Each structure stands twice: as structure tokens, then as C-alpha cells.
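Chains A and B, in that order, are what the protein sequence lines are. Residues in the first sequence are numbered consecutively from 1, following UniProt numbering. Residues in the second sequence are numbered consecutively from 1, following UniProt numbering.
2 protein chains.
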Amino acid sequence: MSRIEPREIDFLLHDVIGLDALLRRPRHQHLDRGTVDETVRTAARLAEEYFAPHYRAADSHEPEREGGTGRVVMLPEVKRAVDAFAEAGFLAAHHDEARGGLQLPWTVVQACFAIFQAANIATAAYPFLTIGAANLIDAFGTEEQKRRFMAPMLTGRFFGTMALSEPQAGSSLADIRTSAAPEPDGSYSITGTKQWISAGEHELSENIVHMVLARIKGAPAGVKGISLFIVPRFRVAEDGSLQGDNDVRLVSLLHKMGYRGTTSTILSFGEAGRCQGFLVGQENQGLACMFHMMNEARIGVGLGAAALGYAGFRYSLDYARTRPQGRPPEARDPASPMIPIAGHADVKRMLLQQKAASEGALALCLYCARLVDEQKTAPEPAARERAGLLLDILTPVAKSWPSEHCLEANKWAIQILGGYGYTRDYPVEQYYRDNRLNPIHEGTYGIQANDLAGRKVWQQNGASLTLLAETVRETIAEAARDADLAPHAAALARALETVAETTRVLGRERAEGRVAEMLANAVAYLEMMGHTVLAWIWLRQALVARAALADGRGDADYYRGKLAACRYFYAWELPKTETQAALLRSLDRTTLDTDPAWL
Amino acid sequence: MSRIEPREIDFLLHDVIGLDALLRRPRHQHLDRGTVDETVRTAARLAEEYFAPHYRAADSHEPEREGGTGRVVMLPEVKRAVDAFAEAGFLAAHHDEARGGLQLPWTVVQACFAIFQAANIATAAYPFLTIGAANLIDAFGTEEQKRRFMAPMLTGRFFGTMALSEPQAGSSLADIRTSAAPEPDGSYSITGTKQWISAGEHELSENIVHMVLARIKGAPAGVKGISLFIVPRFRVAEDGSLQGDNDVRLVSLLHKMGYRGTTSTILSFGEAGRCQGFLVGQENQGLACMFHMMNEARIGVGLGAAALGYAGFRYSLDYARTRPQGRPPEARDPASPMIPIAGHADVKRMLLQQKAASEGALALCLYCARLVDEQKTAPEPAARERAGLLLDILTPVAKSWPSEHCLEANKWAIQILGGYGYTRDYPVEQYYRDNRLNPIHEGTYGIQANDLAGRKVWQQNGASLTLLAETVRETIAEAARDADLAPHAAALARALETVAETTRVLGRERAEGRVAEMLANAVAYLEMMGHTVLAWIWLRQALVARAALADGRGDADYYRGKLAACRYFYAWELPKTETQAALLRSLDRTTLDTDPAWL
Chain A
1 MSRIEPREID FLLHDVIGLD ALLRRPRHQH LDRGTVDETV RTAARLAEEY FAPHYRAADS
61 HEPEREGGTG RVVMLPEVKR AVDAFAEAGF LAAHHDEARG GLQLPWTVVQ ACFAIFQAAN
121 IATAAYPFLT IGAANLIDAF GTEEQKRRFM APMLTGRFFG TMALSEPQAG SSLADIRTSA
181 APEPDGSYSI TGTKQWISAG EHELSENIVH MVLARIKGAP AGVKGISLFI VPRFRVAEDG
241 SLQGDNDVRL VSLLHKMGYR GTTSTILSFG EAGRCQGFLV GQENQGLACM FHMMNEARIG
301 VGLGAAALGY AGFRYSLDYA RTRPQGRPPE ARDPASPMIP IAGHADVKRM LLQQKAASEG
361 ALALCLYCAR LVDEQKTAPE PAARERAGLL LDILTPVAKS WPSEHCLEAN KWAIQILGGY
421 GYTRDYPVEQ YYRDNRLNPI HEGTYGIQAN DLAGRKVWQQ NGASLTLLAE TVRETIAEAA
481 RDADLAPHAA ALARALETVA ETTRVLGRER AEGRVAEMLA NAVAYLEMMG HTVLAWIWLR
541 QALVARAALA DGRGDADYYR GKLAACRYFY AWELPKTETQ AALLRSLDRT TLDTDPAWL
Chain B
1 MSRIEPREID FLLHDVIGLD ALLRRPRHQH LDRGTVDETV RTAARLAEEY FAPHYRAADS
61 HEPEREGGTG RVVMLPEVKR AVDAFAEAGF LAAHHDEARG GLQLPWTVVQ ACFAIFQAAN
121 IATAAYPFLT IGAANLIDAF GTEEQKRRFM APMLTGRFFG TMALSEPQAG SSLADIRTSA
181 APEPDGSYSI TGTKQWISAG EHELSENIVH MVLARIKGAP AGVKGISLFI VPRFRVAEDG
241 SLQGDNDVRL VSLLHKMGYR GTTSTILSFG EAGRCQGFLV GQENQGLACM FHMMNEARIG
301 VGLGAAALGY AGFRYSLDYA RTRPQGRPPE ARDPASPMIP IAGHADVKRM LLQQKAASEG
361 ALALCLYCAR LVDEQKTAPE PAARERAGLL LDILTPVAKS WPSEHCLEAN KWAIQILGGY
421 GYTRDYPVEQ YYRDNRLNPI HEGTYGIQAN DLAGRKVWQQ NGASLTLLAE TVRETIAEAA
481 RDADLAPHAA ALARALETVA ETTRVLGRER AEGRVAEMLA NAVAYLEMMG HTVLAWIWLR
541 QALVARAALA DGRGDADYYR GKLAACRYFY AWELPKTETQ AALLRSLDRT TLDTDPAWL
């Protein structure tokens with residue numbers, strides 16, 4: 001099976017991300033490196049024992065609606081897996097001890113979660129959404145809501161969802177129509193239809209807590225009139241017991257190319273006029289609240305994409321090391337023995353792309369998780385604010401770059417296995433199918449590009465980008481002092497300057513009100529930024545590897561691999577930013593000027 | 001349904017490829033534009049009536065082995081489709097009238113074939129392989145073999161396969177082990193196992209003619225000891241009647257991610273020691289013979305990839321024109337109406353990528369088909385030779401570029417449909433899964449890169465590349481005279497010079513025997529060449545479009561669409577060749593220097 005090597009998590013957490021500094025903070029003082037490593041090992045064990053074995057089976061036996069009862073049934077292995085996850089405390093791991101949590105840093109929770117995602121991303125989606133929904137109630141709910149709805153989510157009695165999209169409003173949340181009418185008891189009567197609700201129906205938990213966006217009657221049009229509600233599948237009494245149906249109906253299950261183990265649903269709320277919802281946070285502030293969950297979810301999507309990329313990388317690496325085929329280009333004697341395909345230059349290229357994309361993406365997402373911790377526990381308010389600024393600009397990158405480039409990684413994993421990789425006897429085609437969802441959900445690739453190039457780059461007079469550039473320059477300065485890494489440092493400095501120049505050109509468009517022109521090629525901006533950020537992430541890893549090799553630490557091959565992937569990234573990938581920047585600086589109007597009627 | 005617009009075929013055949021000149025040649029003098037157009041319309045009608053309707057169903061009900069009989073059964077619609085194809089004469093269309101053919105140009109046959117591939121590529125694979133196998137017998141078989149085996153393939157009584165790969169020898173044909181022992185009657189006894197044999201078993205035809213590569217006992221090792229054999233599933237008597245089993249056994253069916261309607265098989269030959277084969281061509285010349293079929297098949301794979309790309313393009317275009325979602329970036333009023341997503345710049349980018357890739361790939365593959373005709377019917381021997389030289393260098397490009405970039409096109413088709421595109425209720429996910437095979441079969445992407453950068457570019461002192469460059473320069477000269485296209489002409493001239501410079505650098509490596517260094521980054525060379533060739537193909541189309549618009553021909557929007565796609569290609573795609581060339585010219589050693597043990 002493929003799994004995330006504990007060695008890799010260890011390297012990222014302790015050597016690259018600097019987890020140990022976090023552990024010294026009051027919130028985490030009960031932890032040390034040993035307890036963290038033990039937690040990671042537990043995750044690896046559970047992933048291997050409960051998640052990985054049914055990865056294929058849950059794909060070929062998707063959840064279905066039972067004829068008689070209308071219930072959604074699925075392989076029993078899924079419930080055993082999510083139960084094991086809950087029982088080990090992973091649903092509550094980062095929560096306060098007072099609430100039954102372990103007060104683990106979010107970074108550790110995310111590192112563990114990636115291990116589950118690599119083993120079985122579709123099954124991991126159930127706890128993924130539950131954790132997100134619980135975090136949302138934790139952030140904005142009342143104490144009563146936390147007691148009634150969040151507490152059972154931390155133990156796995158209740159699961160959660162996020163219910164945003166509607167059939168007529170996918171990416172355009174401004175256009176949702178689900179309505180909420182105030183009731184005398186302070187609750188709201190919810191009416192509407194939601195679509196693409198992952199984990200929207202199942203029998204894995206006693207109850208499902210839907211976090212629903214809806215409009216309170218009379219609210220302003222657009223995103224300023226959206227509120228957030230808790231809408232349980234079954235009503236919950238004061239004492240926590242279930243009080244029967246809350247008028248939430250499964251309209252239908254959606255059947256996907258991949259991610260088949262996760263139910264995707266259309267749900268109707270309030271068909272019988274008795275669907276009860278509870279306002280979370282302020283009226284009309286629903287989108288802002290939901291973005292709390294969405295930003296986390298976006299990084300989580302990137303992490304999942306990275307995990308799938310990594311799983312394909314390790315699988316195809318094992319295959320390439322053992323599959324003999326062909327001979328070196330110089331070999332003239334056809335009777336000479338074949339070599340393992342890992343010896344062919346182009347197979348090494350495909351391995352290096354996968355390693356660079358997946359390990360780089362994993363590092364980026366865990367770095368973002370570290371920023372979430374920083375926002376929460378940094379002693380200085382200024383440090384918290386800086387973490388928030390970095391997170392703002394890195395979130396669209398952490399969501400999109402892995403989704404795009406780890407999907408590509410999975411493409412190369414299939415390619416390395418050749419015909420075998422194209423069959424359903426090997427997991428790589430499933431990684432590829434599963435990963436194809438990631439550039440779509442939680443805000444498409446295009447939406448992320450607009451978020452970055454249309455909003456995040458400019459906020460607070462560009463404070464996020466300025467801070468990111470300063471942070472990258474620290475790494476450049478460090479690497480410039482290392483003779484072997486100095487050329488990379490110089491290349492990254494140029495890329496950073498290219499980003500700055502390009503941003504200035506787009507800033508002029510923005511200043512003059514040419515918003516469409518500014519955003520015409522936003523995905524090129526996202527790619528340019530993403531590649532620059534990943535180059536920085538790789539240089540950070542290379543610095544650690546160089547130091548480890550210089551110190552003569554064991555496992556030299558591991559560090560040489562890090563340096564090889566870094567070298568690959570700077571030779572094959574980073575130069576692409578030049579082409580993207582040239583397109584952007586030319587303010588190319590091809591997309592704007594093309595009339596769809598011509599196509 | 002998605003299909004190739006007759007308008008597009010018309011434009012490519014008559015305006016871009018110059019089919020009409022072909023029709024004036026003696027072999028085709030019974031044809032005119034009207035008969036060709038009628039043939040294309042027939043293909044479109046059959047594709048729509050017989051091929052398209054079961055595209056999805058054949059994916060969800062793949063062929064399976066029947067319990068009792070061991071026969072491979074599949075949806076009856078597949079047989080009805082291939083029968084209709086045969087009855088309309090498409091299996092024999094390009095063959096001599098004396099053999100029951102229509103003496104159609106290969107270009108027309110391929111244009112029609114793309115229509116079938118766009119409708120249902122998995123069902124089209126059965127005639128695809130039959131046509132290829134028949135062509136192989138036509139080129140190298142004896143008159144007796146043509147009568148006994150080829151003639152029934154032209155009517156659809158027999159179908160064909162190509163049986164090259166073995167479990168231990170996929171890309172490395174030098175290592176095949178299937179053996180052929182001469183029998184007193186002049187036939188050979190065949191023993192061995194073949195894998196990945198598409199259409200290797202089915203009940204669609206009375207017999208299956210396998211074109212098998214095997215080693216005659218005592219043959220030299222490697223590719224110089226491979227011979228080609230006709231091995232029928234059932235023996236065929238002198239009078240053409242079937243004489244029972246020929247000891248060819250289905251070992252198992254392989255289950256693929258896509259292309260599920262086409263059986264993929266493992267076959268054993270001669271388990272009982274009585275599998276009869278017939279040598280085709282000379283002993284030990286099998287690989288050269290097979291390359292006749294493979295080169296055709298490679299262009300056919302490119303054509304299929306283009307057809308899938310095109311199908312996804314049209315489907316997502318229709319969707320984008322009718323799905324309302326979001327507002328222009330300038331729109332501030334959330335109550336203003338939503339616009340069709342085709343109006344969003346990034347959706348137009350995704351449409352333009354698909355159009356540029358799929359229509360460009362279609363044009364390239366039909367241009368290659370035109371060269372096949374030229375080889376066959378050009379009056380001047382020198383013209384035939386030139387066509388052969390161009391085909392040599394263009395075949396790896398025509399195989400690979402569409403396979404890679406029309407797969408990417410299908411990725412964007414899914415993206416445009418968003419969540420819907422990821423469900424199995426829409427065909428785009430199936431296009432994507434089906435197309436994923438194309439970079440693998442008939443020589444992987446890496447194999448094509450090595451063929452181009454290791455062989456084709458250098459053959460006859462670079463005669464192929466020189467001739468290609470001359471051909472491209474003619475288009476450049478023409479476009480340079482058009483003020484609107486002159487910038488594209490200049491960009492293409494630079495790209496061509498970049499290819500030349502890069503080739504010189506690699507040539508020095510080759511001259512000094514550094515073969516591994518020359519080939520280390522061969523896929524970057526293939527991509528650079530492919531993008532340059534496609535830029536040329538687009539400039540040719542743009543020239544036609546410009547002339548048509550200047551003449552005031554109808555359908556102006558169609559021509560504007562061609563110019564928009566050309567503009568897209570030059571703005572977004574062609575500049576990538578600079579990055580590839582820089583990598584190649586630096587003789588980057590990352591892939592060579594990386595030890596797989598480090599990864």
C-alpha cells in the first residue's frame with residue numbers, strides 16, 4: 001500500500017515547519033516531540049488498518065439508496081474506519097481539553113489527516129467535513145450550540161457538512177435562494193434545495209449537522225444578505241437526545257468519476273415546512289462566518305490533493321524500482337539484462353515531478369496549518385496578525401497549486417505503470433480520478449485565481465504580498481550563503497522580482513478601474529505565484545537537507561533526494577513563471593476579445 | 001450529443017489540407033467534392049445513429065466473460081455499430097476497387113474515422129484495428145494471404161488485432177519471447193503470451209486475425225530477430241471457410257479506467273502446441289513490417305485523442321453558452337441578471353485551449369493522412385519521398401501532442417461543467433478517462449520523445465527536419481505579408497530558429513557519443529517541436545480564415561473563431577517553447593544525475 005512515510009512527516013514537522021517552537025507554548029506544554037510522534041504513528045496505524053484496505057472496494061461499491069428504507073447504505077468498512085478515527089480522538093484532537101480535546105497543534109492534526117487522506121481520501125472526507133463544521137460552531141456558535149451540536153461532533157456521535165451550493169448557484173453564492181423565516185422561539189424555518197453536499201446523507205453517525213447558508217426574509221440581495229444556520233438532520237432536545245426528523249430530505253445521490261466513497265447529495269430542506277435551523281453568528285454575516293470554514297477547507301483540499309499526489313508517487317516509485325524494462329541508451333547488446341525502469345531518465349523525470357509536486361504541496365499545506373496555529377497561539381499580537389496576512393495570500397495557492405499539480409503527478413504515476421497503471425488492478429488510476437475533484441470543489445481553480453489576483457494581493461495596500469516577499473527573502477538570503485544553493489537563491493530572487501513587476505502592471509489596471517483587464521489572465525497569475533511559492537518551499541527544504549548532509553546526519557540518501565527534487569523544480573518548473581509573467585505584463589486581451597459566438 | 005461538425009471537416013479537407021488536388025489524380029478520378037462530402041455525411045449519420053447512443057452504456061457495462069461458454073459478451077449495440085460501419089464500406093474504403101474498395105483517399109477515410117471516434121472511441125477501436133491489420137497484410141502479405149485473410153477483413157467477416165506486447169515486454173519489443181517454429185507445410189507453430197491486445201477477443205466477427213510478432217527459432221537476439229505472423233483465432237480453409245479452433249486462448253480480460261467498451265486482453269498462443277501462424281514478409285523483418293501498421297496506428301491514436309478533445313470542447317461550449325452563473329467583474333449590482341459562463345474570461349480561456357488543441361490536432365493528423373496519400377499517389381517520386389520524410393518526423397508529434405494536450409482539453413471540459421462535469425451524468429468525464437489511454441498505447445509519450453529526438457531528427461543528415469523547416473517557412477512567408485498575421489509569422493520564425501539552435505546543441509552531444517545526455521530531456525524536445533508544429537498548423541488555418549473574411553465569404557463568425565484560437569495559441573502556448581529550449585540547451589543533467597535510491 002501507499003502511505004505517507006513517517007520519515008517525511010518527521011522532516012516536515014520538525015525540520016522544515018519548526019513545530020518544536022510551537023510545543024513550548026502554554027496551550028501545548030503537555031506535549032513534546034515524543035507525544036507528537038506517537039500521535040503520528042497512531043494515525044499511520046489506523047490509516048493502514050482501517051482506511052487503506054477498502055479504498056478500492058468503496059470505489060467499486062459506491063453508496064446507494066436502499067430500496068425499501070430509502071437509507072443510504074455503504075460498505076461497513078467505512079463506518080469501522082470513521083469510528084476508529086473518532087475513538088482515537090482525532091475529531092477532537094485540536095480542541096480544548098475542557099471539551100474533551102487533546103489541545104494538539106492544528107499542524108499536527110493536519111499532518112495526521114494527510115496520512116488518512118493518502119490511505120483513503122473518500123472515507124476521510126466524512127471526518128474532514130465534521131471537523132470543519134465543528135470548528136465553525138466553535139468559532140461563531142453560542143455556548144448552547146456548542147453543547148448541543150458541537151460536543152457530539154467531537155466524539156463522532158454527530159457528523160457535519162457544509163451546505164452552500166444550490167442547483168442554480170454553484171460558484172455564485174450571491175445567488176443562493178434558500179430562505180430562513182424567523183420563528184417565535186428564536187429558531188428559523190429553513191426552505192430550499194442544496195446541491196453537491198458531500199457526506200450529506202449516510203448512516204455513519206446518529207445525526208448530521210448541516211451548516212447551511214440561507215437568506216433571512218427581507219435580507220439584502222447578494223452576498224450581504226446571507227446568514228449561516230445549523231440545520232440538523234434530526235432535531236436535538238435540550239438533553240442531547242434526538243427528537244425525530246427535521247424535514248431534511250435526500251433528493252438524490254450524485255454519481256461521480258472519483259471520490260465515489262463519499263456521498264454527494266442533493267438535499268431539500270423544509271419541504272413540509274418544518275425544518276428548523278439555528279442562526280450562527282450575526283444575521284447577514286453568514287458568508288464571513290462560512291469563510292472561516294472554507295479557508296480551512298481550502299487548505300484541506302490542497303492537503304488532500306498533496307496526499308493523493310504523494311500516494312501515487314510512492315506507488316509508482318516502488319513499481320519503477322522493481323519493474324525491469326529496456327536498457328540504457330548506450331547499451332547496444334540486446335542480450336544484456338534489462339534494467340529497472342527507475343534507471344531511465346524520463347522515468348526519473350516523472351518521479352521527480354511527482355516528488356516535487358507532492359512533497360512540496362504537503363510542505364506548503366503544513367506551513368499554512370502552522371500559520372493557523374500561529375494565529376491562535378503566538379504570544380505577540382503582531383505575530384498573529386502577520387500569520388493572518390500570510391494565510392490570506394497563501395490560501396488560494398495552497399488550495400489550487402496542489403489540486404492542479406498533484407493531479408498532474410497522478411497522471412505521471414499512471415504513465416510510469418504504463419498499461420498496468422491504466423487498469424483498475426492498480427490504485428494509481430483511482431488517485432487520478434479522485435484527485436480530479438480537487439480543482440473543482442471548495443472554489444474552482446478560476447475562483448481561486450480571482451480571489452488571489454482580484455482581492456488578496458491588494459488587501460491592506462498589498463500587505464500580504466509584501467510580507468510574503470519579506471519571508472521569501474529571508475530564505476533567499478540564507479541560501480545565498482551556500483555555494484550549492486546560491487544559484488537557486490538567485491533564481492528565486494528573480495522570480496520574486498518578476499512577481500512584483502507583474503503585480504505593479506496589474507495594479508495600474510486596477511487603479512484605473514479596468515477590473516476585467518486586471519483579471520483577464522488571473523489563472524496565469526495564480527500559476528506564477530504558485531510556482532514561486534513552491535520554489536521557496538523547496539529552497540527551505542534544501543537548506544535543511546544541506547545542513548543535515550553537512551552535519552553527517554544519517555539517512556543521507558533521503559536528503560540527497562530532497563536536493564534532487566529542489567534541483568528539478570528550479571530546472572523544469574520555476575522557469576515557467578517567466579512565460580506566465582510575460583503574458584500577464586502584456587495585458588493580453590485574447591480571452592476578453594473573444595466572442596463566444598465565434599467558437 | 002457531441003460530434004465533429006461537418007463544417008469543421010469541410011474546412012480542414014478542402015481549405016486547409018487541399019484535398020481537391022488529390023481528387024484529380026488517376027486513382028481518385030471517379031470522385032469529386034460532392035462524393036467526398038456525401039461520404040463524410042454518411043459517416044456523421046452512422047456515427048450519430050449507431051455509435052454515439054451506446055457510448056455511456058458500453059462504459060458502464062464493459063465486456064465480460066460469460067460463465068458457461070467462456071465467450072466474451074458485450075452490449076448488442078456494439079455489433080450493430082460495427083456492422084453498420086462495415087456495410088457502409090468503411091472497412092474497405094481506401095482499398096482498390098478491384099478488391100471491393102472505393103479508392104477513397106486515406107485523408108477522407110481518416111476524416112470520417114475521426115467522426116466515429118468522437119462519437120464512441122471504444123466501439124470505433126474494433127474497425128480501427130481491423131483496418132490497420134488489413135493494411136499490413138495489403139502491404140506485406142502474399143496474394144494468397146490477402147485472399148484468405150485480408151479480403152474477409154474488408155467486409156467485416158473477420159476483424160483484426162496487433163499483438164506485440166507481452167507481460168515482460170511492454171515498451172521493450174526487443175525482449176519479446178513468443179516463438180515460431182517452422183512446420184513442414186510452410187506455416188509456423190506459434191507459442192507464447194501476448195498482453196494488452198485490444199479487441200483480442202469478442203464475438204463481433206466470425207474470426208479474428210492477430211498480427212503477431214514472434215521469434216523464429218534461432219533468430220538473433222533483440223529487434224533484429226523479430227518476425228511477423230498472421231495468426232487467426234479460427235483456422236481458415238482454402239475456400240475461406242472456417243476450420244475450427246487455432247489454439248489461441250483468452251487468458252483474461254483487463255479492466256481499464258476508460259476505453260472500457262474495447263476488450264483488452266491477455267492471449268496465449270499454442271498452449272496445446274497447435275497454433276498455426278503464417279509468416280508475413282521476410283524472416284526477421286517483422287518489426288519493420290509492423291512499423292508500417294504502427295506508424296498508421298500512431299497517427300490514428302493522435303486522431304482519436306483529437307476527436308475526444310473535440311467532443312469535449314463542443315460539449316462544454318454548448319454548456320457554457322447556456323449555463324447562467326455569476327456576473328462580469330465590473331457588475332456591482334447583485335440583482336443584475338447572471339450571464340452565461342461563456343462570457344467569463346477564464347471560461348473563454350478554457351474553451352480556447354480546447355479549441356486550439358483539438359482543432360489543431362485534428363488538422364495535424366489529417367495533414368499527416370494527406371502525406372500518406374501523397375506517398376501513395378503523388379505523380380513525382382521526389383514528392384513521394386518528401387512526404388515520407390515529413391511523415392517520419394511528424395508521426396511522433398501527431399501521436400503525442402494530441403494525446404497530451406487533448407487530454408488536457410478534456411480536463412478543462414470537466415472544469416467548465418464544474419461539479420456536473422465530475423459526475424457520470426455528463427460525457428466529459430468519460431472523454432477524460434478514455435483519452436488517458438492515448439499517451440500510453442502505441443508507444444508511450446517517452447518512447448515517442450526518444451523516437452523523435454534520438455532518431456527521426458537525425459535521419460538522412462537531418463533531411464526530415466530540414467524539409468519540415470522549409471515547409472513551415474513557406475507558411476511564415478505567406479503570413480508575413482498579412483499585417484494582422486505578421487506578428488504570428490515572426491513568432492513562428494523565432495520558434496523555428498529556437499528548434500534549430502536547440503537541435504544543433506543536441507547534435508553536438510550526439511556527435512560526441514553522449515547519447516544519454518542527448519536524450520536526457522527528450523520529452524521537452526518533443527513538446528517544443530509539437531508546439532512549434534501546432535503553431536504552424538494554426539497559422540495555416542488563420543491564413544485561410546483571413547482570406548475568407550477578406551472575400552466576404554459567409555460564416556464570418558466561424559473564421560473569427562479560427563483567428564481567436566490562433567491568437568490564443570500564440571499568446572498562451574507557443575512561448576512555452578522558450579522555456580523548453582532553455583532547459584534543453586543547458587543540457588540539464590537533473591534526470592541523469594538523480595539516483596533513484598534517493599527518491
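Think of the CB as a built atom: it goes at the ideal place given N, C-alpha and C, for glycine as much as any other residue. From a predicted model like this one, the values you see are computed outputs, not experimental measurements.
Asked: On the three-state DSSP scale, how would you describe E517 (chain B)?; Found: helix
Asked: Does DSSP put V457 (chain A) in a helix, in a strand, or in coil?; Found: coil
Asked: So the alpha helix (DSSP H) R589 (chain B) belongs to, where does it begin and stop?; Found: From DSSP, R589 (chain B) is part of no alpha helix (DSSP H); its letter is neither H nor E.
Asked: Which residues of chain A have a Cβ atom closer than 9 angstroms to the Cβ of Y445 (chain B), listed in chain order?; Found: D346, Q415
Asked: Opposite Q276 (chain A) in the DSSP bridges: which residues?; Found: A:S189
Asked: Report the rounded CA-to-CA distance for T503 (chain B) versus L587 (chain B), giving the unit in angstroms.; Found: 11 angstroms
Asked: At the 8 angstroms Cβ level, is T265 (chain A) part of the contact set with chain B, yes or no?; Found: no
Asked: Suppose contacts are defined by Cβ-Cβ distances below 8 angstroms. Is K107 (chain B) in contact with L31 (chain B) by that definition?; Found: Residue identity check: residue 107 (chain B) is Thr in the sequence provided, not Lys. Cβ distance not < 8 angstroms, so T107 (chain B) and L31 (chain B) don't count as in contact.
Asked: Along the chain, where does the beta strand (DSSP E) containing I115 (chain B) start, and where does it finish?; Found: Note, I115 (chain B): premise wrong, no beta strand (DSSP E); alpha helix (DSSP H) at 106 to 140.
Asked: What are the start and end residues of the beta strand (DSSP E) that includes Q243 (chain B)?; Found: 242 to 245
Asked: Quick one: what does DSSP say K355 (chain A) is sitting in, helix, strand or coil?; Found: helix
Asked: Please specify which runs of the alpha helix (DSSP H), each continuous and at least 4 residues long, are wholly inside the region 283 to 352 of chain B, giving them in chain order.; Found: 286 to 322
Asked: Relative to the C-alpha of R455 (chain B), which residue among A:T322, A:P329, A:N450, A:V515 is closest?; Found: A:P329
Asked: When DSSP labels each residue in this structure, what does S403 (chain B) get in the three-state scheme?; Found: helix
Asked: Is Q448 (chain B) near P396 (chain B), with beta carbons less than 8 angstroms apart?; Found: yes
Asked: Can you find the residues in the same chain that come closer than 8 angstroms, C-beta to C-beta, to G170 (chain A), ignoring five residues on each side of it along the sequence?; Found: Q195, W196
Asked: What do you reckon, are the CB atoms on W458 (chain A) and L492 (chain A) nearer than 8 angstroms?; Found: no
Asked: Label Q354 (chain B) either buried or exposed according to how many other C-beta atoms from any shown protein chain fall within 10 Å of its C-beta, with 16 as the threshold for buried.; Found: buried
Asked: Which residue wins for smallest C-alpha separation from A597 (chain B), given the options A:A307, A:Y559, A:L173, A:A495?; Found: A:Y559
Asked: Can you have a look at P427 (chain B) and say buried or exposed, based on whether 16 or more other CB atoms are within 10 angstroms of its CB?; Found: buried
Asked: Using a Cβ distance threshold of 8 angstroms, determine whether the region 257 to 276 of chain B contacts the region 238 to 249 of chain B, with at least three qualifying pairs required.; Found: yes
Asked: Residues of the region 350 to 375 of chain B in Cβ contact with chain A at a cutoff of 7 angstroms, in chain order, please.; Found: L351, L352, K355
Asked: Could you list the residues in the region 149 to 183 of chain A with a C-beta less than 7 angstroms from some C-beta on chain B, going in chain order?; Found: G170, S171, S172, A174, D175
Asked: Listing by chain order, which chain B residues have their CB less than 7 angstroms from the CB of Q325 (chain A)?; Found: G170, S171, S172
Asked: What does W401 (chain A) reach in chain B if we use C-beta pairs closer than 8 angstroms?; Found: What W401 (chain A) touches in chain B: nothing, since even the nearest Cβ is about 16 angstroms away.
Asked: So is Q325 (chain B) buried or exposed if we call it buried at 16+ other beta carbons inside 10 Å?; Found: buried
Asked: Would DSSP call T594 (chain A) helix, strand or coil?; Found: coil
Asked: Helix, strand or coil: how does DSSP classify T423 (chain B) here?; Found: strand
Asked: In the DSSP assignment, what are the bridge partners of G160 (chain A)?; Found: A:V209
Asked: Would you say W598 (chain A) faces chain B, with C-beta separation under 8 angstroms as the test?; Found: yes
Asked: Name the DSSP beta bridge partners of L228 (chain B), please?; Found: B:L213, B:V280
Asked: Within the chosen definition, does the region 390 to 407 of chain A reach the region 431 to 439 of chain A through at least 3 CB pairs nearer than 8 angstroms?; Found: yes
Asked: Take Y319 (chain B) and list the residues in its own chain whose beta-carbon comes closer than 7 angstroms to its own, dropping the five residues that flank it on each side.; Found: I416, L417
Asked: Throw me the rounded Cβ distance for the F229 (chain B) and A288 (chain B) pair, which I believe falls under 8 angstroms.; Found: Not confirmed; about 14 angstroms, so no contact.
Asked: Of the choices A:Y55, A:G70, A:P26, A:Y50, whose alpha-carbon is the least far from that of D96 (chain A)?; Found: A:P26
Asked: Quick check: the region 127 to 135 of chain A against the region 198 to 218 of chain A, are at least 3 beta-carbon pairs closer than 8 angstroms?; Found: yes
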